[in-house]
Every structure is written in C-alpha cells, then in structure tokens.
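Worksheet: the structure to be examined is printed underneath.
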Amino acid sequence: MIAGGYCVNRNILSFQIQPRLKRKWKHFMERLIFYCLEGDPDLQFLLKGGDLLKVKSRSWRKTRFFRLNDDLIIKKSLASFTVSLEDIDSVRYGRQTEGLRKYTDLSVEDRCFSIIFKSRRKNVDLIASSKEEAKRWVSGLEKSLHQTKSWIYNCMRKADKNADNKMSLKELKHFLRQINIEVDDSYAEMLFKKCDRSQSGTLEGSEIKHFYDLLTYRDEIDVIYAKYASTNGQMSSGDLLDFLQYEQREPVSSEYVQKLIEKYEVDEIAKQNKCMSKDGFLMYMNHEEGSIFNPVHKGIYQDMRQPLNHYFISSSHNTYLMEDQLKGPSSTEAYIKALMKSCRCVELDCWDGANGEPVIYHGHTLTSKVLFKDVIKAIKEYAFKTSQYPVILSLENHCSVEQQKIMAHHLTSILGSALLTQPLGYQMPTTFPGPEELKGRFLIKGKRLNKLDATFNNNTTEDEDSVSEEDEAAELKEAEQKPKEKIKLAKELSDMVIYCKSVHFSTFEHSRDNHNFYEMASFKESKAMNLAENSATAFIHHNMDKLSRIYPAGSRTDSSNYNPVPLWNAGCQIVALNFQTPCKEMELNQGRFLPNGKCGYMLKPEFQRDPASQFDPKNLSVGPWLQKKTLHVMIISAQQLPKINKDKQKSIVDPLVRVEIYGVPADNASKQTHHIENNGFNPTWNTDFQFTVHVPELALVRFVVEDYDAASHNDLVGLYTLPFTSMQNGYRHVPLLTKRGSLIPSAGLFVHIMALDG
1 MIAGGYCVNR NILSFQIQPR LKRKWKHFME RLIFYCLEGD PDLQFLLKGG
51 DLLKVKSRSW RKTRFFRLND DLIIKKSLAS FTVSLEDIDS VRYGRQTEGL
101 RKYTDLSVED RCFSIIFKSR RKNVDLIASS KEEAKRWVSG LEKSLHQTKS
151 WIYNCMRKAD KNADNKMSLK ELKHFLRQIN IEVDDSYAEM LFKKCDRSQS
201 GTLEGSEIKH FYDLLTYRDE IDVIYAKYAS TNGQMSSGDL LDFLQYEQRE
251 PVSSEYVQKL IEKYEVDEIA KQNKCMSKDG FLMYMNHEEG SIFNPVHKGI
301 YQDMRQPLNH YFISSSHNTY LMEDQLKGPS STEAYIKALM KSCRCVELDC
351 WDGANGEPVI YHGHTLTSKV LFKDVIKAIK EYAFKTSQYP VILSLENHCS
401 VEQQKIMAHH LTSILGSALL TQPLGYQMPT TFPGPEELKG RFLIKGKRLN
451 KLDATFNNNT TEDEDSVSEE DEAAELKEAE QKPKEKIKLA KELSDMVIYC
501 KSVHFSTFEH SRDNHNFYEM ASFKESKAMN LAENSATAFI HHNMDKLSRI
551 YPAGSRTDSS NYNPVPLWNA GCQIVALNFQ TPCKEMELNQ GRFLPNGKCG
601 YMLKPEFQRD PASQFDPKNL SVGPWLQKKT LHVMIISAQQ LPKINKDKQK
651 SIVDPLVRVE IYGVPADNAS KQTHHIENNG FNPTWNTDFQ FTVHVPELAL
701 VRFVVEDYDA ASHNDLVGLY TLPFTSMQNG YRHVPLLTKR GSLIPSAGLF
751 VHIMALDG
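Now the structure itself:
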C-alpha cells in the first residue's frame with residue numbers, strides 16, 4: 001500500500017473478446033488507467049487500439065481489432081469469451097512459442113508476439129503490421145500487467161453499477177460482498193452515513209477515500225505502532241531501532257534505520273525529522289523488510305563452488321507433458337514454463353520420428369509428439385533467463401543409432417559451446433565441479449559406452465556399442481512383463497555424457513566399490529522411499545559421492561506427485577516432480593528452492609556432506625544436525641483474501657489458517673485456527689501455536705488459508721511455503737500464492753514469529 005491508501009497490483013484490467021465496446025465504462029476505466037500510467041505513449045497506443053493478425057495454424061489466420069479499455073476488446077463475429085489479466089503469465093516478443101515457430105516464417109520474427117497464460121490455456125499468437133507496432137503492444141501490455149491498480153479498486157468498479165463514479169447505499173452493500181465482508185444492513189447504513197459528509201445520498205471523491213480508509217484500518221498495526229511511537233506520536237529513528245532490535249530481533253544499525261525511513265516514509269516533514277509515521281510504518285511492514293522471508297536469502301547467498309552433488313537440484317519429470325501421462329499434449333511450452341521456474345534438470349523421452357527427425361513424447365501412449373530439435377531450441381532460448389546455473393538434460397533414449405546421430409547433431413549445432421563435451425581441466429577429475437564453474441553450461445545425462453577417462457587418451461575404439469536401457473524405461477517394461485533389452489548407442493551421443501553417466505543401482509556397497517563419482521542411478525519412488533526409510537544413513541553417504549535421481553512411479557498416469565521431503569532428508573539431489581501438476585508436493589518444491597536467488601540449486605546442510613556424519617533422519621542422535629528450536633507462531637490476521645466462488649455473488653469466504661511443518665519425521669506437524677464466518681477482507685484470529693523443530697536445516701514451514709465448508713472439503717484460498725532457516729522473527733507479513741504458484745495481489749497474513757533455542 002502507498003500513500004493515500006492506494007495499492008499497485010495487477011487485477012484491474014482484463015482481456016475480453018466480444019462484438020461491441022462496453023462504452024459506459026470507458027471514462028471511468030481510462031481515468032484509473034491514466035492514474036497509473038499518465039502520459040505513457042505505449043498505454044495511449046493500446047487505448048487507441050489496432051488490427052492484429054491472430055494465428056492458430058498455417059491456414060487459420062484472422063484479423064482482429066484489439067483495444068485496451070476495461071477489457072482488451074477484439075472486434076469479430078458474435079462469439080465472445082473473457083480472459084482476465086490476472087490469468088496472464090507474460091507477453092513474449094518474437095516467435096517464441098511452438099505455434100509461431102511452426103506456423104510462421106522467420107521473415108516475420110520481429111512482428112510477432114504471444115500472450116502466455118498461467119493455466120493450461122493455449123497461448124494467443126499474434127502478428128502486428130510492423131516491428132515498431134509489435135514492440136509497442138508488448139511494452140504496453142507488460143506495463144499494464146505490472147502497473148494496474150488493486151483488487152479493492154477493481155471491486156469498487158464492479159460495485160459502481162451505473163458507472164457514475166459515485167457509490168449509493170445499494171452499491172456499497174454490493175461492494176462489501178465483492179470484498180468478502182458480510183455485514184447486516186444497519187452496519188452498512190451506519191458506515192455509509194458516516195462517510196456521506198455532503199449528505200447527498202451517494203459517496204464520491206474524498207468520501208469514497210474516507211470509506212476506504214475506514215475499511216482498511218488495522219487495529220493490530222495501531223497497537224504495535226503506539227507502543228513504540230514515543231516521539232510526538234511518531235516513531236523517531238531511535239524508536240524504530242528499538243522496535244527492530246527488540247520485536248523483530250534484527251541486529252541492525254542506526255544507519256539501516258535511516259535507510260528504511262528514506263525508503264518508506266511518505267510524509268516529507270516526518271522524513272526530514274528522521275521519523276516514521278504510521279503510514280510509513282505500514283509501508284515498511286508490507287514490503288520485503290517486513291516479510292516473513294529473510295531478504296538476505298533473496299539473492300545468491302550460498303557457496304556455489306561446492307561439488308555439484310552437494311546441492312539439491314530443482315528437477316522435472318517428463319518435462320514435455322502439459323497434462324497427464326496417457327493422452328495429454330507434449331509441447332516446448334512445458335519446457336519453457338519449467339525453466340522459467342528455475343528448474344535445472346529437464347527430461348527428454350526421445351523416439352524415432354518421421355522424416356528422420358527424432359521426436360519427444362511419452363512412448364506407447366496417446367500423448368502428442370514434439371520435434372527434438374524444437375525442444376532443444378526452446379531450452380537454448382530459456383535455460384538461463386531466470387538462473388545462470390547449469391541445466392542437466394536427462395535423456396531417455398529409445399532412438400535408432402541413425403536418429404541418435406541426428407540428436408547429437410542438433411545438440412552440438414543448437415547449443416554450441418554451452419554444451420559440455422569435455423571434463424573441465426586437463427586431467428581426469430575425481431569429483432564434480434561446482435555450479436559456479438558450470439554457469440551457462442548444459443550437461444547431458446544418459447548412457448555412455450566407456451569410462452570418462454577415455455576422453456584423456458587416444459583410444460577411440462569401443463569394446464561394445466550396446467548398453468542397457470535407462471532404469472525408468474526398464475521399469476515400465478517390467479510392469480508390462482516385457483523382457484529388458486539392450487540398445488545400440490551412437491558414439492556421437494555417448495561422448496556427450498560427461499558428469500552424469502546413467503548406471504543401474506544394485507546396492508550401496510556395489511556402487512561404492514564399482515562406480516565412479518560421475519556414474520549415477522535413477523530410482524523409482526517406491527525403491528527410493530524404502531531406502532530413505534530403512535537405510536537413510538547409507539543413502540546419505542552414497543549421495544556424498546554421487547548424484548541420485550528419483551522419478552515418480554509409472555502408475556501415476558494422472559501426473560500426480562510423491563512427497564519429495566523424505567528424499568531430500570536422505571540427501572537425494574535430483575528429486576524429479578511433474579511440474580505441470582499444481583499440488584502440495586510442487587508447493588513444497590517451490591518453497592525448498594525459494595531462497596538463494598531462486599536459482600534452482602540449494603546447498604545441502606553440512607551434515608549431509610561430511611563423510612564423518614552419522615545423521616539418520618528417522619533415528620535422531622546427538623550431532624550437528626540436532627539444533628532444537630521451539631517455534632512460536634501467532635496467526636494475527638489476514639488481509640484482502642480473494643473470493644473462491646466467484647460465480648455466486650453472495651458467497652463469502654469463511655477463512656481458517658493452517659500451519660504445517662515438513663522435515664524429518666519427528667518434526668512433521670500441523671495446527672490450524674478456528675474459522676471466521678463471512679469475512680475474507682480483514683479476519684482476525686490472534687491464535688498461538690507452538691512447534692518443536694529438531695532439525696531446522698531440513699524443515700519447511702507451510703501456511704495454508706482455506707475457505708471452511710461444513711458440508712464438503714475446504715477450498716484453497718492461498719498458501720506460502722519457505723524453509724525454516726529463511727524465516728524472520730517478529731511481526732511479519734506472509735504473502736499468499738495460488739495453487740499454481742502465482743502471487744495473489746494484496747492478499748496476505750499478518751503473523752508473529754519467534755524461534756527460540758531449546
């Protein structure tokens with residue numbers, strides 16, 4: 001929230017395809033849009049609108065008139081549908097989608113752009129009349145996505161039924177339902193009369209502002225602020241220092257306090273007096289310094305020069321799939337979405353395709369196919385946009401030798417010098433390089449015909465040209481009662497496998513005695529879970545020397561996921577999940593990789609890297625891992641929770657909050673508040689929880705807000721997961737995400753956190 005009670009969020013605009021303009025909203029919406037981006041030429045261009053060519057195939061190309069207003073209106077036939085801007089993930093300039101690459105020529109590259117959605121909805125691919133026009137559309141839409149107004153103002157707009165920029169008593173009642181508050185008629189009338197200073201029977205201008213201020217008043221902030229504001233009713237820099245050191249447990253200096261005042265104080269006089277007003281204090285509480293997530297962990301803060309196997313690595317299974325494992329579409333878009341979430345290990349199931357071109361799909365199913373070369377091009381383009389650290393391409397190779405050679409050609413020609421084809425250094429390595437040394441590089445995981453030291457001698461012949469199948473492929477055949485087979489392997493593809501050679505796992509002792517550090521096994525989830533449960537210490541020591549990849553069971557045809565936490569507890573690095581499926585397991589994965597710049601690599605605790613360690617997550621003994629903490633969590637309040645059932649106008653959220661701990665078995669716990677009836681706007685709980693956490697370095701804390709339903713299961717409102725070690729003590733704001741991991745504008749929890757030793 002900024003001065004005057006305004007928020008900057010992305011809910012106010014939407015796209016709509018319909019036959020005519022909704023003119024009655026024009027003045028009202030343009031006034032709000034121009035408040036955000038007054039005088040911006042790109043915005044003015046979008047408000048004026050223009051023709052764009054919509055592309056669905058080589059033959060389906062139709063001109064549509066686009067214009068940004070309350071909605072992006074597209075003149076066409078009588079058919080219509082609506083898309084809200086809050087459903088849009090991004091806008092991409094150029095031929096950066098599978099559709100545009102397939103259905104357009106390189107000559108129109110600089111005239112193309114696409115609208116990408118957060119859900120599984122298909123992209124909208126467009127061609128402008130010129131390069132300049134395409135760039136203006138992209139720039140204007142990106143600004144609109146990031147510089148729109150808050151959810152509450154969007155609700156005010158919807159409540160203003162006759163679009164006269166005034167609010168009647170009836171519209172006020174409608175507005176309260178929009179923002180998740182159920183009040184009786186007498187309270188609504190009292191609130192209305194209190195704000196209607198002109199006694200005109202409607203609220204307008206400053207009266208609406210006064211009404212908003214009454215709604216957003218937060219008693220809990222007043223109490224905290226009043227406790228420390230001992231300098232003429234304001235917080236002096238000394239008062240703020242006391243608050244930060246005592247309540248927030250931050251060992252900060254006076255210089256840091258002054259920077260906060262400069263950054264967040266909205267009153268110039270208070271700023272000159274080195275004080276923080278209540279408005280400035282609220283600003284601070286709602287930004288990153290007041291967040292539960294430690295801002296020190298927002299960027300890269302870990303040692304990135306440890307061997308690669310010393311890190312948890314964000315990893316995807318069957319990355320090419322957009323939906324289920326049986327009949328869903330395969331797409332380059334799935335790779336792009338995973339990589340943009342900083343996934344650092346992607347899977348490619350490769351099969352012989354038509355016209356000599358290998359394809360990627362889930363073999364022996366009805367899933368669609370995508371060209372191998374198109375996937376590699378997409379990976380090349382998007383691999384390092386959100387993280388510079390190495391990407392592992394996990395190949396499940398079912399191709400003939402001829403098409404394997406084509407694969408090798410595409411890998412070298414498309415990835416170029418970024419593809420690692422030799423070990424780093426001038427002699428045979430004995431351990432992995434670190435992520436820092438491998439920045440911007442691609443590593444191939446797959447079968448290899450010989451040992452890695454062959455790269456350092458002149459021996460160019462191979463004893464064999466066949467290898468066993470990948471364990472995941474062999475498992476599927478075993479389930480179908482088919483015999484395991486050996487496959488012919490092209491030398492060109494074999495030689496690209498450097499640090500991630502696939503081998504079969506027998507026992508930990510066999511691996512220790514027979515496998516080199518770069519030889520890694522893939523484990524199906526049931527086998528990995530059994531080892532983590534019954535041989536955790538041995539599994540941890542195995543992972544001190546080698547990489548381990550875990551993959552979901554073949555029976556998960558719905559692309560569901562297993563719990564990754566027990567595998568992380570056992571030190572497994574590549575715990576591959578179905579990224580396309582929004583679920584609790586993916587939320588835990590997002591939380592695990594939230595810190596360290598969201599780079600996709602998290603350094604494992606030292607007790608999972610030290611050869612002398614005897615850590616066993618199931619049977620805790622005294623050791624450096626045992627750093628017992630008592631975690632006190634007070635759920636104080638929530639702000640601006642979104643409506644769940646948007647189709648029912650009178651449906652109000654009955655929110656409850658659950659706090660969950662995931663880690664070693666002794667730390668797993670869950671506690672929840674009571675539910676608040678008919679208030680999703682500013683519910684208050686003031687409920688205390690206490691948890692005992694024995695191994696904080698492996699623990700994740702998950703906040704879940706649900707809409708209580710006595711008759712059926714509760715609906716998810718929002719959630720947030722972060723590592724225990726990344727939490728800040730004190731009064732903190734907890735942002736809330738959707739089940740797909742997108743930030744919910746304006747919504748959040750207000751909590752008090754205190755983690756104490758013992």
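The opening position of the sequence shown corresponds to residue 1 in UniProt numbering, with each subsequent residue numbered one higher.
All C-beta atoms, glycine included, are put in the ideal place defined by N, C-alpha and C.
Quantities reported herein were computed from a predicted structural model and do not represent experimental measurements.
Report the option in the options whose CA atom is closest to the CA atom of residue i.
i, options, result
"E585", "M520, Y720, M496 and H541", "Y720"
"Q640", "N619, I744 and Y708", "I744"
"K143", "G50, Q258, F211 and Q44", "Q44"
"K102", "T332, F517 and S726", "T332"
"A710", "H675, P611 and D757", "H675"
"M304", "K643, F523 and M602", "M602"
"residue 762", "A521, M283 and K194", "An answer regarding residue 762 cannot be provided, because it is not within the stretch 1 to 758 covered by the chain."
"G680", "I652, P696, F691 and V701", "I652"
"I88", "G290, S236, Q422 and V124", "V124"
"L339", "F442, N514, E250 and T63", "F442"
"L620", "P642, V695, S560 and K629", "V695"
"R556", "A538, N578 and H541", "N578"
"residue 765", "A521, Y562, N563 and S560", "Here the chain comprises residues numbered 1 to 758, so residue 765 is not present and cannot be evaluated."
"V575", "S526, G623, P595 and V622", "S526"
"Q325", "G363, Y499, I753 and I300", "G363"
"I224", "L531, G730 and R740", "G730"
"L489", "S316, S168 and Q404", "Q404"
"V467", "L126, N397 and R67", "N397"
"Q272", "D279, F281, G280 and E262", "E262"
"Q580", "G140, Y246 and S330", "S330"
"F372", "K385, G353 and E381", "G353"
"Q672", "N686, T684 and V657", "V657"
Determine which residues share a DSSP beta bridge with residue i and list them.
i, result
"I116", "S90"
"C500", "K445"
"P735", "G748"
"E706", "L656 and L716"
"E396", "D349"
"Y311", "L603"
"Y551", "K524"
"K359", "Before going on, a small fix: residue 359 reads as Val here, not Lys. BP columns for V359 point to W351 and L371."
"F293", "M727"
"C195", "Partner(s): none; C195 has no beta bridge."
If you measure between the beta carbons of residue i and residue j, is that distance less than 8 angstroms?
i, j, result
"G591", "S387", "no"
"Y320", "A378", "no"
"D616", "A536", "yes"
"L722", "I292", "yes"
"E492", "A408", "yes"
"L203", "D213", "no"
"P564", "L588", "yes"
"Q258", "K274", "yes"
"N534", "K451", "no"
"G425", "L308", "no"
My output table needs one value for residue i: the three-state DSSP class, helix, strand or coil.
i, result
"T455", "helix"
"L240", "helix"
"C350", "strand"
"D324", "coil"
"M428", "coil"
"R696", "Just to set this straight, residue 696 is Pro in the shown sequence, not Arg. Here P696 sits in helix by DSSP."
"D688", "strand"
"I12", "Note that I12 scores 28 on pLDDT, short of 50, meaning its location in the model is unreliable; the coordinates nonetheless yield the value given after this. In the structure shown, I12 sits in coil (DSSP, three-state: anything other than H, G, I, E or B)."
"K166", "coil"
"K209", "helix"
"S230", "coil"
"L641", "coil"
The ligand FMN and residue i: does the residue's C-beta get closer than 7 angstroms to at least one heavy atom of that ligand?
i, result
"S651", "Ligands are entirely absent from the displayed structure, and the ligand FMN is therefore not among its contents."
Worksheet item: Within the chosen definition, does the region 361-377 reach the region 428-440 through at least 3 CB pairs nearer than 8 angstroms?
Response: no
Worksheet item: Is there contact between the region 166-173 and the region 95-105, where contact requires at least three CB pairs shorter than 8 angstroms?
Response: no
Worksheet item: Is there contact between the region 563-580 and the region 307-314, where contact requires at least three CB pairs shorter than 8 angstroms?
Response: yes
Worksheet item: How about the region 606-613 and the region 339-351: do they share at least three Cβ pairs that are nearer than 8 angstroms?
Response: no
Practice prompt. Take every Cβ of the region 111-119, pair it with every Cβ of the region 57-69, and state whether three or more of those distances are shorter than 8 angstroms.
Written response: no
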